[in-house]
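Student: Sharing a structure with you now.
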Amino acid sequence: MHSSAPATSPATSYRERLSPSLWALVSAAVCGPMVALVLAPLDSVVGLIAGIAVGALVVAGLIALSPVIEVTGERLRVGRASIELTYLGEIETFTGDAARQARGPGLSSSSWHLLRGGIDGVVRIAIEDDDDPVTHWVFSSRTPARVAAVIESARATAAPAGPDA
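My numbering puts the first residue of the sequence shown at 10, with every later residue one more than the last.
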């Protein structure tokens, strides 16, 4: 009997929610006091309750609707987009000034991208599908090196055979 890591092909091996930064959530929460001020002349209690409810709903909505990066044994999902790992090519990760270049002047018009303000890291993955007009996926991640490592690990586990397989 030998010990090995549990199989992770159908299960998620990486998941990251690209939630808004703290300053974005605080800015969104300002909607609550604005609603309270608008409704205060009608009824201050109703205005206060509505303001608290609106502030909480806006913040909760921003968090709940944030895109998710997910790697399984067979697929990469970023937001609503999904691609099989077999179509992924070279993976590059960027932080700092290199990340600013990758999501700014270095961003190709033929790439698919999901970029979030307040998240420094960027992952760029070449797409190796002749039928796909998209040449790269470029997306934000708080841990770009970890995303790349998990994708490489999942590809190695899923396809131990050569490229012709």
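The C-beta atom is built at its ideal place from N, Cα and C for all residues, glycine as well.
(1) Classify G98 as helix, strand or coil using the three-state DSSP reduction.
(2) Where are the beta strand (DSSP E) runs, 3 residues long or more, that stay fully inside the segment 121-166, in chain order?
(3) State the DSSP-derived secondary structure class of R112, mapped to helix, strand or coil.
(4) Out of I72, G115, E93, which one is the CA nearest neighbour of A82?
(5) Under a Cβ-count criterion, where at least 16 other Cβ atoms within 10 Å of its own Cβ denotes burial, should I72 be classed as buried or exposed?
(6) Taking DSSP's pairing of strands, which residues face T81 in a bridge?
(7) Could you give the first and the last residue of the continuous beta strand (DSSP E) run that contains A185?
(8) Between the Cα of G127 and those of P29, V147, S91, V35, spot the shortest distance and give me the residue it belongs to.
(9) Does the pairing of the segment 102-118 with the segment 48-68 give three or more beta-carbon distances under 8 angstroms?
(10) In this structure, what does DSSP give as the bridge partners for V87?
(11) Give the straight-line distance between the Cα atoms of V68 and G41, rounded to the nearest whole angstrom.
(12) Taking the C-alpha atoms as reference points, what is the distance between A78 and T152?
(13) Taking all protein chains shown into account, do 16 or more other C-beta atoms lie within 10 angstroms of the C-beta of W32, making it buried, or fewer, making it exposed?
Tutor: In this structure, then:
(1) DSSP places G98 within a strand segment (E or B) once states are collapsed to three.
(2) Qualifying beta strand (DSSP E) stretches, in chain order: 121-123, 131-136, 145-149.
(3) Helix.
(4) Looking at the sequence provided, one finds Gly at residue 82 rather than Ala. Measuring from the Cα of G82, the nearest candidate turns out to be E93.
(5) Taking all protein chains shown into account, I72 has fewer than 16 neighbouring C-beta atoms within 10 Å of its C-beta and is therefore exposed.
(6) Looking at the DSSP assignment, T81 forms a beta bridge with T21.
(7) Residue numbering for the chain in the displayed model covers 10 to 174; residue 185 lies beyond these limits and cannot be assessed.
(8) The alpha carbon of G127 has as its nearest neighbour, out of P29, V147, S91, V35, the alpha carbon of P29.
(9) The answer is no - the segment 48-68 does not touch the segment 102-118, with fewer than three Cβ pairs under 8 angstroms.
(10) Answer by DSSP bridge pairing, in chain order: I78, A90.
(11) Between the alpha carbons of V68 and G41 lies a distance of about 10 angstroms.
(12) It should be noted that the sequence gives Ile, not Ala, for residue 78. Their Cα atoms are separated by approximately 11 angstroms.
(13) Burial call: exposed.
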